[in-house]
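Shown next, in structure tokens, is the structure this report addresses.
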Amino acid sequence: MVPSCAEGGVLGVLPGVIGVIQAIETVKLVVGVGEPLIGRLLLFDALKMKFRELKLRKDPKCPICGPNATIRELIDYEAFCGMQAVPTAETQAQGVGETTVADLKRDLDAGKDFDLIDVREPQEYEIARIPGARLIPLGELPHRIHELDSSREIAVLCKVGGRSAKAAKFLHDSGFRKIKNVVGGIDAWSHEIDPSVPTY
């Protein structure tokens, strides 16, 4: 249930600071000057504006870089974090469909009768929203499921589609059958439909 940075958000300027540090380290390595952070870990506390440095020793039992390495390829990050943005074929076979933001826009413009549920957090909803979307955060959904009508069509959205896929699966498992996950979420809406909707 722990969201990724893309889903949960991060202090906007923080990746910029870390990105600049990474760029400096890259230039140093390419040019061959200075003292790179090899064997050292730099910690940055933006709230206190403090840097700390830890020296790291190589672990001879490391499964990645040790002499008897067992990990030789990257993991499937989305599967590891449980944050698939697009429902799998198995999920679709279980009755959870998907819709694009273009289809959602067409349905809204046509006045189609359905419920649009936004499962992001209230602070995210304040930043950006689709008109007519009803906020029910994913964590509150089990306690507020009685507010939804299982006979109506329901489209579920979040920031990029991960939390809404979980919500759609939960609703399907709870007996709802007319469920669609909005692929790409509010980010796709901002990029493809309405650029005036802020991204974060």
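Residue numbers (the numbering used here): 10 to 209. We put the beta carbon where it would ideally sit given N, CA and C, even for glycine.
query: Counting pairs of beta carbons, one from the segment 26-34 and one from the segment 48-63, are three or more of them closer than 8 angstroms?
result: yes
Sheet register partners of Ile-188 (DSSP bridge): Ile-163
message: Between Ile-139, Gly-171, Tyr-134, which has its C-alpha nearest Leu-125's C-alpha?
response: Ile-139
- request: Find out if the Cβ-Cβ distance for the pair Asp-203, Val-169 is shorter than 7 angstroms.
  value: no
task: Return yes when the Cβ of Val-128 is within less than 7 angstroms of the Cβ of Ser-183, no when it is not.
output: no
task: Note down the Cα distance separating Val-165 from His-200, rounded to an integer number of angstroms.
output: 18 angstroms
message: Using CA atoms only, rank isn't needed, just tell me which of Arg-186, Leu-51, Val-40 is closest to Glu-62.
response: Leu-51
field: Under 7 angstroms between C-beta atoms of Val-192 and Thr-79
entry: no
field: Under the three-state DSSP convention, the category Ile-126 falls into
entry: strand
query: Quick one, which of Val-36, Ile-47, Asp-158, Leu-113 has its alpha-carbon nearest Leu-65's?
result: Ile-47
- prompt: Could you check where the beta strand (DSSP E) with Leu-63 kicks off and where it finishes?
  reply: 59-64
- prompt: Which partner residues of Leu-52 appear in the DSSP bridge assignment?
  reply: Arg-61
field: Cβ-based neighbour list, Arg-161, same chain, cut-off 7 angstroms, excluding 5 preceding and 5 following
entry: Phe-123, Asp-124, Lys-187
- request: Classify Thr-35 as helix, strand or coil using the three-state DSSP reduction.
  value: helix
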